[in-house]
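One structure is given below, encoded as structure tokens.
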Amino acid sequence: MAQNPFIVQRPIKYGEPFCNRTPEIQRLEKAANRSEAVCILSIRRFGKTSLVNQVLGRLEEAGWLSIRLDLSRCFSLRSMTREFERALFSLEGNWRRLLEGLKTVSRIRPQLGIDPLTSQPSIGFDFSRPADDAERLKYILEKIVGLPERSEGKIHLCMVLDEFQNIRKIDPKKDLEWLFRSVFQERGPLFVPFLLGSERHLLDMMIREESSAFFKSVTPMTLEVLPEMEVVSFVKGHFFSGLGLEVPEGRIRGIYRIFGGHPFAINWYWAEMWDLVERSGKMEPVDTWVDVAVRIILNQRDYYEAMNSRLPLGARKVLFAIAANEPVKRVFSRKFMVETLGMAQGSLQSAIKVLLEEDKIRKTPQGLVINDPLERLSIAVSELDEEAIASFVRERIDVAV
Ligand SMILES: Nc1ncnc2c1ncn2[C@@H]1O[C@H](COP(=O)(O)OP(=O)(O)OP(=O)(O)O)[C@@H](O)[C@H]1O
Ligand SMILES: [Mg+2]
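Here it is in structure tokens:
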């Protein structure tokens, strides 16, 4: 029995079936090799972590060390410092293993000492760290960033910081951002930081504003939806090689379009279909195709509704109006503000501000649009009952065949 190649509920590891993203992988590999700091921004569940897993896998095969930290688990400077400390320890372990592997060829002479905190041997680190949290963090960061230098150029190191925008939440005064920047600025050619985040509004302020710490010192890279053609060959290829079945291309395109190219929803859909088809041993009737999509849509509609229930009513109203009229070029026009919404300018202004800050909408040259394709879908079916959603799906996949 072939294993389900559509991985859900967790990031895709290196070596597991991963759809495309070839240009992004190449771009990031190139960035790593020239020590170019990159900030990867995307909507939630678009595949940032999975993408970085592919890049790190390739770099590790080429002899790199990597270190990853998820800053969404850090709620204070202290907890973040501890995370970095833990990362430094594990890095030290990996380094040791690498050194042992290199023993015969390496000229590195690590200074073996004993870490007073853990009584474990430590290589070349001075563990008399400063007591002040910020100083301590800086000290540890410098140790991490300087590792390739201390290895006399034997080690290349890529550091991935997930949900990087959290440092602004931990320290709205931005001192932390300047601290990171100052350490990153001192990096040598064998160290590269990749910064990941899903809160676009915050990240934009951190890297695109001229007065921000990372302006021009980090390259922004936005992850878009998966290309349709790539999804078609990914799905078609796996169903054929794994189950010996030809999935009609039009169906794959129909599903792709319903979910607006959202990688998470698409992979989830095909994972479910795979299980059903594998069990029955044949291509399922169209009703099954529809049922699976309806279940996912209902689930995601609940998800977005729960998330949006904390938005002010005015903002929700504007969100729905934008979804129905996007792209909205002239928000404060009589037609949109008065006729469509019946709102005063002040309330509309504050609603837009909330929606932008919450990453619900974004500005494009064509006007305001809904940020997340799955949210767009959830809004489009918000008034429909299950039967009507089934027709909505059927029309799109039947036409696409
Ligand atoms: N290139 C891809 N090919 C196939 N499936 C993908 C791809 N990228 C993402 N996915 C699907 O999307 C899901 C979410 O991916 P991942 O966890 O990497 O996203 P993320 O952007 O890091 O999410 P979060 O915002 O929650 O951290 C995966 O479990 C997988 O099902
Ligand atoms: Mg992630």
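Its first residue numbered 10, the sequence shown is counted upward by one per residue in this note's numbering.
All C-beta atoms, glycine included, are put in the ideal place defined by N, C-alpha and C.
In chain order, what residues of the same chain have a beta carbon less than 8 Å from the beta carbon of residue i, not counting five sequence neighbours either side?
i	result
leucine 393	Phe401
glutamine 309	Ala274, Leu383, Leu386 and Ser387
tryptophan 104	Leu74, Ile132, Leu156, Ser160 and Ile164
serine 463	In the structure as shown, the chain starts at 10 and stops at 410, and residue 463 therefore has no counterpart that could be examined.
tryptophan 5	Nothing can be reported for residue 5, as the shown portion of the chain is limited to 10 through 410.
valine 299	Ala399, Val402, Arg403 and Ile406
What residues in its chain sit with their C-beta under 6 Å from that of residue i, if we drop five residues either side in the sequence?
i	result
isoleucine 261	Val241 and Val244
arginine 371	Asn380
valine 169	Val61, Arg77 and Phe203
tryptophan 440	It is not possible to answer for residue 440, since the shown part of the chain is limited to 10 through 410.
glutamate 281	Val301
Would the C-beta of residue i count as close to ligand 2, meaning under 6 Å from any of its heavy atoms?
i	result
threonine 297	no
threonine 58	yes
Using 6 Å as the cut-off, classify the Cβ of residue i as near or not near the heavy atoms of ligand 1, replying yes or no.
i	result
phenylalanine 193	no
proline 20	yes
serine 207	yes
phenylalanine 401	no
proline 272	yes
arginine 30	yes
valine 327	no
asparagine 414	With the chain covering 10 to 410 only, the question about residue 414 has no answer from this structure.
phenylalanine 203	no
asparagine 380	no
Taking the alpha carbon of residue i as the point to measure from, which residue in the options has its own alpha carbon closest?
i	options	result
lysine 369	Ser391, Arg405 and Val327	Val327
valine 17	Asp407, Met292 and Asp284	Asp284
phenylalanine 268	Leu185, Met10, Arg54 and His210	Arg54
leucine 204	Lys57, Ile21 and Pro32	Lys57
glycine 206	Leu199, Pro198 and Met215	Met215
arginine 412	Leu37, Cys167 and Ala333	Because the chain here runs from 10 to 410, residue 412 falls outside it and cannot be looked at.
glycine 259	Glu33, Arg405 and Lys39	Arg405
glutamine 358	His247, Thr373 and Arg339	Arg339
serine 318	Glu293, Glu367 and Glu335	Glu367
leucine 60	Leu80, Ala46, Glu38 and Asn334	Glu38
arginine 177	Leu211, Val154, Leu150 and Asp171	Leu211
Taking the alpha helix (DSSP H) that residue i belongs to, which residues open and close that run?
i	result
serine 191	184 to 194
glycine 263	258 to 267
leucine 204	No alpha helix (DSSP H) holds leucine 204; the beta strand (DSSP E) holding it covers 200 to 206.
leucine 166	Segment 166 to 171 is the beta strand (DSSP E) holding leucine 166; no alpha helix (DSSP H) there.
arginine 36	31 to 42
serine 289	272 to 289
isoleucine 149	142 to 154
leucine 80	It is not in any alpha helix (DSSP H) - leucine 80 carries neither H nor E in the DSSP assignment.
isoleucine 16	Segment: none, isoleucine 16 is in no alpha helix (DSSP H) and carries neither H nor E.
lysine 362	354 to 366
Closer than 7 Å by C-beta to residue i: which residues in its own chain qualify, once you throw out the five before and the five after it? Chain order, please.
i	result
glycine 270	Val234, Leu235, Glu237 and Pro382
valine 390	Ile306, Arg310, Ile398 and Phe401
cysteine 83	Met89, Glu92, Asn175 and Ile179
valine 363	Leu320, Pro321 and Ala324
serine 51	Lys57, Ser207, Thr231 and Leu232
threonine 113	Confidence is the limiting factor: at threonine 113 the pLDDT is only 40, short of 50, which leaves the residue's position unreliable, though a coordinate-based value still follows. Within the same chain, threonine 113 has no close Cβ partners at all.
proline 14	Pro26, His247 and Gly251
Apply the 10 Å Cβ neighbour rule to residue i and answer buried if 16 or more other Cβ atoms are within range, or exposed otherwise.
i	result
arginine 19	exposed
tyrosine 265	buried
aspartate 296	exposed
phenylalanine 249	exposed
alanine 360	buried
arginine 288	exposed
phenylalanine 200	buried
Compute every distance between the C-beta of residue i and the non-hydrogen atoms of ligand 4, then say whether any falls below 6 Å.
i	result
arginine 77	In terms of ligand content, the structure shown lacks ligand 4 and carries ligand 1 and ligand 2 instead.
For the beta strand (DSSP E) holding residue i, just list the boundary residues, first then last.
i	result
leucine 377	376 to 379
methionine 230	228 to 231
valine 47	47 to 50
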